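Participant:
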Ligand code: SF4
Ligand code: SF4
């Protein structure tokens, strides 16, 4: 019978840099629309998998010499192609042993019923606000979307960043995650029991659009409470696309004659859904990938600031132990 050690060893062989296994009972109390038991009713555990971004790419981004490589090699190739290959190989491994493997990658352009934000990596999102449950209170409204940050904590992979994303002890904010909900009876890892984010605020200070706000909130996951800032994803979506002075592709034609130009470039204008969407067509500094991923013109300044901070504090453990 397959066990946790074999699953982790195979995951590494197939391309994962980090793995962890979470017990399905840790999801008790999760909103129906995010509860993995409504994806795989016989689930016993969730397998968490992460693929890192190479340190060299982080340094190139930091230097500002290449911006498009993040979009093409990380967002697209790692987050899509490598993750899918890893998931499909892992599914074959588990199903050859007679178990179900419900593989989960991010759904970049779908937002759950309770999510009114934007994903800056894509050109548009569809919100499932109109979706209705066929049995309210007992069954979720479709689509059921696994909460990737919650699952990272439950699988023992990492904790919540100030922006509400995931930090791991191996790669800080720089990995793409995927999950497998399975009825294989695998031994679970402990829930991640510490908080890598010390609320230093360096990520918020680094964002050229002030999209990470020091208005702190808490999120409860599997008996642990995480404190984090407020992330304005509409604001992020504008500055991710490059509406700021630190965009090396900025030019005099951008917002020429617009009385708000200076405020926008300085990150002082606030954007909501409507005004953000009005800005997108004005920002075509580099082409999207053929799959529509938007080029990252902010160089993920928030994540680089965090990565450097965690490294300085000795909180990033290189080597990617599975
Ligand atoms: S830079 Fe990192 S450690 Fe500091 S507040 Fe932001 S997420 Fe937390
Ligand atoms: S630095 Fe970039 S990715 Fe980070 S919050 Fe700001 S705009 Fe978004």
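In the working numbering, the protein residues as written are 1 to 322.
Glycine is no exception: its CB is placed at the ideal position from the N, C-alpha and C atoms.
These numbers come from a predicted model, not from an experiment.
#1: Who are the Cβ neighbours of residue 321 in its own chain at under 8 Å, not counting the five residues just before and after it?
#2: Would you kindly report the start and end of the unbroken beta strand (DSSP E) that includes residue 305?
#3: Between which two residues does the alpha helix (DSSP H) holding residue 148 run?
#4: So what's residue 56 in DSSP terms, helix, strand or just coil?
#5: Going by other Cβ atoms of all chains shown within 10 Å of its Cβ, with 16 needed for buried, is residue 278 buried or exposed?
#6: Go ahead and pull the three-state DSSP assignment for residue 277.
#7: Leaving out the 5 sequence neighbours to the left and right, which residues in its chain are closer than 6 Å to residue 314 when beta-carbon positions are compared?
#8: In the DSSP assignment, find the unbroken alpha helix (DSSP H) run with residue 39 in it and report its ends.
#9: Please report the distance separating the alpha-carbon of residue 236 from that of residue 207.
#10: Confirm, please, whether the CB-CB distance from residue 231 to residue 163 is below 8 Å.
#11: Thinking C-beta only, is residue 212 closer than 8 Å to residue 302?
#12: Am I right that residue 239 and residue 75 are in contact with their C-beta atoms under 8 Å? What's the rounded C-beta distance?
#13: Looking at residue 21 and residue 179, is the spacing between their C-beta atoms short of 8 Å?
#14: In this structure, does DSSP put residue 13 in helix, strand or coil?
#15: Skipping 5 residues on each side, what residues in its chain have a beta carbon closer than 6 Å to that of residue 249?
#16: Who are residue 24's beta bridge partners in DSSP?
#17: Should residue 276 be labelled buried (16 or more other beta-carbon atoms within 10 Å of its own) or exposed?
#18: Going along the chain, which residues put their C-beta within less than 6 Å of some heavy atom in ligand 1?
#19: Leaving out five residues before and five after residue 111 in sequence, what residues of the same chain have Cβ atoms less than 6 Å from its Cβ?
#20: In the DSSP assignment, what are the bridge partners of residue 226?
#21: Pick from 223, 274, 283: whose alpha carbon is nearest that of residue 247?
#22: Run the CB neighbour count on residue 299, radius 10 Å, all protein chains shown included, and call it buried at 16 or more, exposed below.
#23: Span of the alpha helix (DSSP H) holding residue 84?
#24: Leaving out five residues on either side along the sequence, give the residues of the same chain with a beta carbon under 8 Å from the beta carbon of residue 42.
#25: Let me know the secondary structure DSSP gives residue 111 once reduced to three states.
#26: With distances taken between CB atoms, is the gap from residue 84 to residue 52 smaller than 8 Å?
Facilitator: Based on what the coordinates show:
#1: Because residue 321 sits at a pLDDT of 41, beneath the cut-off of 50, its placement in the model cannot be relied upon, and the following sentence gives the value as read from the coordinates. 18, 170.
#2: Note, residue 305: premise wrong, no beta strand (DSSP E); alpha helix (DSSP H) at 301-312.
#3: It spans 148-154 - the alpha helix (DSSP H) in which residue 148 sits, taken as one unbroken run.
#4: If DSSP states are grouped into helix, strand and coil, residue 56 belongs with the helices.
#5: It counts as exposed.
#6: Looking at residue 277 - three-state DSSP - the assignment turns out to be helix.
#7: Residues of the same chain with their beta carbon placed closer than 6 Å to that of residue 314 are lacking, with the five preceding and five following residues left out of the count.
#8: Looking at the DSSP string, residue 39 is not in any alpha helix (DSSP H), and its letter there is neither H nor E.
#9: Whole-angstrom Cα-Cα distance: 8 Å.
#10: Their beta carbons are under 8 Å apart, which means residue 163 touches residue 231 by this criterion.
#11: Against a cut-off of 8 Å, the Cβ pair of residue 212 and residue 302 comes out as a contact.
#12: In this structure, residue 239 and residue 75 do not form a Cβ contact; the two beta carbons are roughly 16 Å apart against a cut-off of 8 Å.
#13: At the C-beta level, residue 179 and residue 21 stay beyond 8 Å of one another.
#14: If DSSP states are grouped into helix, strand and coil, residue 13 belongs with the helices.
#15: 285.
#16: DSSP output for residue 24 lists no bridge partner at all.
#17: Taking every protein chain shown into account, the CB of residue 276 has 16 or more other CB atoms within 10 angstroms, so this residue is buried.
#18: Residues with their Cβ less than 6 Å from any non-hydrogen atom of ligand 1, running along the chain, are 161, 162, 197, 198, 199, 200, 201, 202, 203, 305, 306, 309.
#19: Within the same chain, Cβ atoms closer than 6 Å to the Cβ of residue 111 are found at 125, 127, the five residues on either side in sequence being excluded.
#20: Paired residues: 219.
#21: Per the Cα distances, 283.
#22: The residue in question, residue 299, is buried, as its Cβ has 16 or more Cβ neighbours within 10 Å.
#23: Annotation: the continuous alpha helix (DSSP H) that includes residue 84 extends over 83-96.
#24: Residues 100, 183 of the same chain have their beta carbon placed closer than 8 Å to that of residue 42, with the five preceding and five following residues left out of the count.
#25: Per DSSP, reduced to three states, the secondary structure at residue 111 is strand.
#26: Contact flag unset, no.
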